[in-house]
Ligand SMILES: Nc1ncnc2c1ncn2[C@@H]1O[C@H](COP(=O)(O)OP(=O)(O)OP(=O)(O)O)[C@@H](O)[C@H]1O
Ligand SMILES: Nc1ncnc2c1ncn2[C@@H]1O[C@H](COP(=O)(O)OP(=O)(O)OP(=O)(O)O)[C@@H](O)[C@H]1O
Ligand SMILES: [Mg+2]
Ligand SMILES: [Mg+2]
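What follows is the structure in structure tokens.
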């Protein structure tokens, strides 16, 4: 599903270069539940943003489902994201003026799946707060709306940035069960960032980052 | 430090009443590291907001360091917060146009502790990103700036809403060590929300919430 060859992501801050990713090499097959782990600041969110076409590498090659993302222009990246990618952001990024249900429906409509919205919201345990605005939701509830919104698209690639970070253990496992079900049932490819060492081991593949480099790729315990 | 008697927090959404807290009774001594746990949506953030004077109870009595918060007006609550409380928000709430260091310094200046800002930022491991804006920081880095900003005030009461939620285990433990040090060294009272069951046990006192009620108050393993 994903091939990264010597991928770098650099930011310029004044006259200092910040190397968020330094020469990442990676090959991930489709339909797997990939877990991305590593310390704070090691480049996990950056990795996800590149895989989802939300950002472009400074150098190197990045292919997802055979498409060369590093060559695409804005319009092509937007199209790629819309069709293929569901994103659960680390900061949720919900539309503040829309209710929980409307936030999910907004995406459901884009893919002609209007009625799926209410079902997906129920699947993450939020039927009872469907008409709350984000500001009227708890942190974990906002996170689950973000997850529902990404899932309702039935994307080929789900990029989840610490999707259980604001959830208690029980709720987090319920959510993971959902993601696993979609992976096994519909062949969805998942790349999930987590710093929960227990959840990390539950993936098919565990990719470990440190200081912008991949230092290990190992099978998880799902295997 | 804190006495809550039959505290309720209710929200009106259309014609539906949401009971975020339903008759909470609690007595917590000062200088303790109190951990607040419970499922997503159980009322933890609401509890913290009331203790910090960011919000007012709908009914009931709430006394912190002997002051009756439920009787205070806006000006009195603002003064209470400014003098006594350091808050680490679940969503960080950094000033987006100020750098990491400036965000911390803003608060340090309020309490005449200007030079403490750089030291506190270093204590949470962020000296190397002091001049990044929040949008140029990773999730865990933003969270640590929020922690530094709360600590630099040397508050009597530190309210931390899942302060390690975006951190890997190692970094999270470093941060907790910092909070513990402040508690033992300067008698700071801490109320920390976490859904990490291991960290939860490290408190002096563990308060368990469910559906807006306190269902258990027990000693932690720090005792
Ligand atoms: N302004 C509001 N209007 C209506 N309901 C609200 C409002 N704020 C919070 N709630 C509801 O009150 C309940 C408790 O919210 P709170 O944020 O305290 O939960 P929490 O324990 O912090 O959850 P989490 O672990 O997910 O952060 C939630 O069910 C939420 O939907
Ligand atoms: N726009 C930017 N400009 C400059 N530096 C940046 C920018 N965005 C990210 N960085 C830096 O790049 C590094 C990697 O960031 P990234 O968000 O990928 O980390 P992360 O692994 O997701 O961390 P966390 O676990 O804390 O969320 C960080 O040190 C961060 O300060
Ligand atoms: Mg991140
Ligand atoms: Mg909360």
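Residue numbers (my numbering), protein chains in the order written: chain A, 8 to 230; chain B, 8 to 230.
Backbone N, C-alpha and C fix where the C-beta goes; we use that ideal spot for every residue, glycine too.
These figures come from a predicted structure and were not determined experimentally.
Beta carbon proximity, residue 176 of chain B to chain A, threshold 9 Å: Numbered from its first residue, the second chain carries residue 176 of chain B at position 169. At least one chain A Cβ lies under 9 Å of residue 176 of chain B.
Looking at C-beta atoms only, is the number of pairs between the segment 64-82 of chain B and the segment 197-213 of chain A that lie closer than 8 Å three or more? no
Go through the segment 58-125 of chain A residue by residue and report every complete run of the alpha helix (DSSP H) that reaches 4 residues or more, in order. 81-91, 107-117
On a CA-only basis, which of A:28, A:125, A:9 is nearest residue 18 of chain A? Give me that one, please. Here residue 18 of chain A refers to the residue found at position 11 when the first chain is read from its first residue. Selected option, being the one with the closest Cα: A:28.
Apart from the five residues on each side of it in sequence, which residues of its chain come closer than 6 Å, Cβ to Cβ, to residue 44 of chain B? By 1-based counting over the second chain, the position of residue 44 of chain B is 37. Hits under 6 Å: 207, 215.
Of the residues that make up the segment 49-71 of chain B, which ones have a beta carbon closer than 7 Å to any beta carbon in chain A? 52
Measure the alpha-carbon distance for residue 139 of chain B versus residue 142 of chain A and round it to whole angstroms. Stepping through the second chain from its first residue, residue 139 of chain B is reached at position 132. Stepping through the first chain from its first residue, residue 142 of chain A is reached at position 135. Their Cα atoms are separated by approximately 27 Å.
Report the rounded CA-to-CA distance for residue 95 of chain A versus residue 24 of chain A, giving the unit in angstroms. If you number the first chain from 1, residue 95 of chain A lands on position 88. If you number the first chain from 1, residue 24 of chain A lands on position 17. Cα-Cα distance, rounded: 28 Å.
Pick helix, strand or coil for residue 174 of chain A, following the three-state DSSP scheme. Reading the first chain from its first residue, position 167 is the one you call residue 174 of chain A. The answer is coil: DSSP assigns residue 174 of chain A none of H, G, I, E or B.
Of all the CB atoms in chain A, is at least one closer than 9 Å to the CB of residue 46 of chain B? For this step, residue 46 of chain B is matched to residue 39 along the second chain. At least one chain A Cβ lies under 9 Å of residue 46 of chain B.
Determine, using beta carbons only, whether residue 152 of chain B and residue 99 of chain B come nearer to each other than 9 Å. Position 145 of the second chain, counting from 1, holds the residue named residue 152 of chain B. Position 92 of the second chain, counting from 1, holds the residue named residue 99 of chain B. Going by C-beta atoms, residue 152 of chain B is nearer than 9 Å to residue 99 of chain B.
Going by the C-beta, is residue 174 of chain A closer than 8 Å to any heavy atom of ligand 1? As a first step, residue 174 of chain A must be located in the first chain, where it is residue number 167. Within the cutoff, so yes.
Taking the CB atoms as reference points, tell me whether residue 219 of chain B and residue 53 of chain B lie closer together than 9 Å. Here residue 219 of chain B refers to the residue found at position 212 of the second chain. Here residue 53 of chain B refers to the residue found at position 46 of the second chain. Taking 9 Å as the Cβ cut-off, residue 219 of chain B and residue 53 of chain B qualify as a contacting pair.
Would you mind telling me which residues of chain B sit closer than 7 Å to residue 204 of chain A, beta carbon to beta carbon, in chain order? Your numbering for residue 204 of chain A matches position 197 in the first chain. Correct list: 176.
Beta-carbon proximity list for residue 178 of chain A, same chain, < 8 Å, skipping 5 on both sides: As a position in the first chain, residue 178 of chain A is number 171, starting the count at 1. If you ignore the 5 residues before and after residue 178 of chain A, its C-beta comes within less than 8 Å of the C-beta of 132, 147, 151, 171, all in its own chain and listed in chain order.
Check whether the Cβ of residue 24 of chain A sits closer than 8 Å to any heavy atom of ligand 1, and report yes or no. Position 17 of the first chain holds residue 24 of chain A. Incorrect: residue 24 of chain A has no Cβ contact closer than 8 Å to ligand 1.
Heavy atom of ligand 3 within 8 Å of residue 5 of chain A beta-carbon: Given a span of 8 to 230 for chain A in the structure shown, any question on residue 5 of chain A remains unanswerable.
For the alpha helix (DSSP H) that contains residue 30 of chain B, what are its first and last residues? Along the second chain, read from residue 1 onward, the residue named residue 30 of chain B stands at position 23. First-last for residue 30 of chain B: 23-35, but that is the beta strand (DSSP E), not the alpha helix (DSSP H).
Output needed in chain order: residues of the segment 19-30 of chain A with a Cβ under 7 Å from some Cβ in chain B. So the list reads 20, given in the order they occur along the chain.
Should residue 135 of chain A be listed as close to ligand 2, given that the test is whether its C-beta is under 8 Å from any heavy atom? Translated into the one-based positions of the first chain, residue 135 of chain A becomes position 128. No, since every heavy atom of ligand 2 falls outside the 8 Å radius drawn around the Cβ of residue 135 of chain A.
Distance between residue 86 of chain A and residue 60 of chain A (C-alpha atoms, nearest Å): Here residue 60 of chain A refers to the residue found at position 53 when the first chain is read from its first residue. Here residue 86 of chain A refers to the residue found at position 79 when the first chain is read from its first residue. Their backbone Cα atoms lie some 10 Å apart in a straight line.
Write down every uninterrupted run of the alpha helix (DSSP H) in the segment 141-185 of chain B whose length is 4 residues or greater and which is fully enclosed by it, in chain order. 146-158
Cβ of residue 98 of chain A within 9 Å of any chain B Cβ: Position 91 of the first chain, counting from 1, holds the residue named residue 98 of chain A. Judged by the 9 Å Cβ criterion, residue 98 of chain A is in contact with chain B.
CB residue 197 of chain A to CB residue 190 of chain A, shorter than 9 Å? The count along the first chain starts at 1 and reaches residue 197 of chain A at position 190. The count along the first chain starts at 1 and reaches residue 190 of chain A at position 183. Going by C-beta atoms, residue 197 of chain A is nearer than 9 Å to residue 190 of chain A.
Short CB-CB distance (under 9 Å) between residue 122 of chain A and chain B: Locating residue 122 of chain A in the first chain gives position 115, counting from the first residue. No, because no Cβ of chain B sits closer than 9 Å to the Cβ of residue 122 of chain A.
Assuming residue 180 of chain B contacts residue 47 of chain A under a Cβ cut-off of 8 Å, what Cβ separation, rounded to an integer in Å, is found between them? On the second chain, position 173 is the one that residue 180 of chain B refers to. On the first chain, position 40 is the one that residue 47 of chain A refers to. Contact doesn't hold; Cβ gap of about 12 Å is too wide.
Taking the CB atoms as reference points, tell me whether residue 9 of chain B and residue 63 of chain B lie closer together than 9 Å. Taking the first residue of the second chain as position 1, residue 9 of chain B is located at position 2. Taking the first residue of the second chain as position 1, residue 63 of chain B is located at position 56. Not a contact, by the Cβ cut-off of 9 Å.
Please go through the same chain and pick out, in chain order, the residues whose beta-carbon is closer than 8 Å to the beta-carbon of residue 15 of chain A, but skip the five residues on each side of it. For the purposes of this step, residue 15 of chain A is taken as residue 8 along the first chain, with counting starting at 1. Answer for residue 15 of chain A: 26, 28, 29, 30, 31, 64, 65, 66, 67, listed in chain order.
Give the DSSP bridge partners of residue 137 of chain B, in chain order. Translated into the one-based positions of the second chain, residue 137 of chain B becomes position 130. DSSP, once it has assigned bridges, lists no residue as partnering residue 137 of chain B.
Chain B contact residues for residue 148 of chain A, given Cβ-Cβ distances below 7 Å: Residue mapping note: residue 148 of chain A aligns to position 141 of the first chain, counting from 1. Neighbours of residue 148 of chain A on chain B, chain order: 47, 48.
What would DSSP say about residue 52 of chain B, mapped onto helix, strand or coil? For this step, residue 52 of chain B is matched to residue 45 along the second chain. Correct three-state label for residue 52 of chain B: helix.
Please name the residue in B:81, B:21, B:91 whose C-alpha comes closest to that of residue 37 of chain B. Counting from one through the second chain, the residue named residue 37 of chain B turns up at place 30. If we check each option's Cα against that of residue 37 of chain B, B:91 comes out closest.
Enumerate in chain order the residues of its own chain whose CB-to-CB distance from residue 163 of chain B is below 6 Å, with the five nearest sequence positions on each side excluded. As a position in the second chain, residue 163 of chain B is number 156, starting the count at 1. Excluding residues within five positions, the ones whose Cβ falls inside 6 Å are 91.
Between which residues of its own chain and residue 193 of chain A is the CB-CB distance below 8 Å, once the five residues before and five after are set aside? Taking the first chain and counting its residues from 1, one reaches residue 193 of chain A at position 186. Contacts found: 161.
heavy atom of ligand 2 below 8 Å from residue 171 of chain B C-beta: Against the second chain, residue 171 of chain B aligns to sequence position 164. Result no, Cβ not under 8 Å from ligand 2.
Less than 9 Å between the beta carbons of residue 107 of chain B and residue 128 of chain B, yes or no? Against the second chain, residue 107 of chain B aligns to sequence position 100. Against the second chain, residue 128 of chain B aligns to sequence position 121. For residue 107 of chain B and residue 128 of chain B, yes; Cβs fall inside 9 Å.
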